[in-house]
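The opening residue of the sequence shown carries number 845 in our numbering; numbering runs sequentially from there.
Backbone N, C-alpha and C define an ideal beta-carbon position, used for all residues, glycine too.
Here the structure is a predicted model, which means the values were calculated and not measured.
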Amino acid sequence: MRVQPWLRGLMVGATLLLITGIRQLAPAPLALLGAGPNWPVLWLLPWALVEGTSAALVGALLAGLLADAFTIGPVGQTLPLVVLAVYWSRLGGSARRSIDNLCLLGLHGMLGSLWIDLCIALQLLSRSRPLEFSVAAGSDPTQMVQGGWHLPVLLGAGLWGALAQALMTGLLAPLVSGLLLQLWRQLAVRRPLG
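Encoded structure:
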């Protein structure tokens, strides 16, 4: 099937905006412990598998910038998504064919979500300051601890949120990424051999 390039670009943009919109809506039935799936990972996985490294890098940049545009704070998902795009796009021919197994899509989605959360935790940890205690005259005793995120906080609440998000991503990857994988394969530009 020969697809016009403008139609293919329109489909790519529409699915990326749809995934971003679903991420912002955060439907409650698709959340576990308040953590929904990592939608940029669900979109990027099939895109990188079908399109190769250069298109995967562009897709990762677009998905990461869209995700970061709606996030408040100094950390972002763009760089971890770029690393995932390179990894997934470089899976060899046999691995690319065997990734059709829906369980493997779920596993790659889960590991991708854990990678994103690990990178975010490391970014937060690198930006944190040690505990600061203020006993100056006139200071409010309830405001004694100031600063950013600290390791016990990240290992406590952050760990459960990361595991819940990874589980939801892994459960939805066979459905969402599987459908997108079929769409990208049908719309793939056939490159001449040689």
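For the pair Q1026 and D961, the CB atoms are not nearer than the 8 Å cut-off.
Short of 8 Å from the beta carbon of C947, and not among the five residues preceding or following it, lie these beta carbons of its own chain, in chain order: P1018. With respect to the C-alpha of G953, the residue from V856, A872 and L888 having the closest C-alpha is L888. One thing to note: S957 has its Cβ within 8 Å of the Cβ of V885.
Taking one beta carbon from each stretch, the region 914-930 and the region 893-906 have 3 or more pairs nearer than 8 Å; the two touch.
For G865, the uninterrupted alpha helix (DSSP H) segment begins and ends at P849 to L869.
Closest in C-alpha terms to Q921, from the list L1015, L861, G853 and N882, comes N882.
In summary, T864 is buried, with 16 or more beta-carbon neighbours lying within 10 Å of its beta-carbon over all protein chains present. In the three-state reduction of the DSSP assignment, L888 falls in the helix class, which pools H, G and I.
A Cβ-Cβ separation of about 6 Å places A965 in contact with G1002 under the 8 Å criterion.
The beta carbon of P890 lies closer than 7 Å to those of S1021, L1024, L1025 and W1028 in the same chain, with the five residues before and after it left out.
Looking at the DSSP output, L876 bridges to A879.
Under the three-state reduction of DSSP, G956 is assigned to helix. G908: member of the alpha helix (DSSP H) spanning T897 to A913, first to last residue.
Looking at the backbone, the Cα of G853 and that of L860 are separated by about 11 Å. Between L951 and G1014, the beta carbon gap of about 7 Å places them in contact (Cβ cut-off 8 Å).
Nearest to S898 by alpha-carbon distance, out of C963, A929 and L862, is A929.
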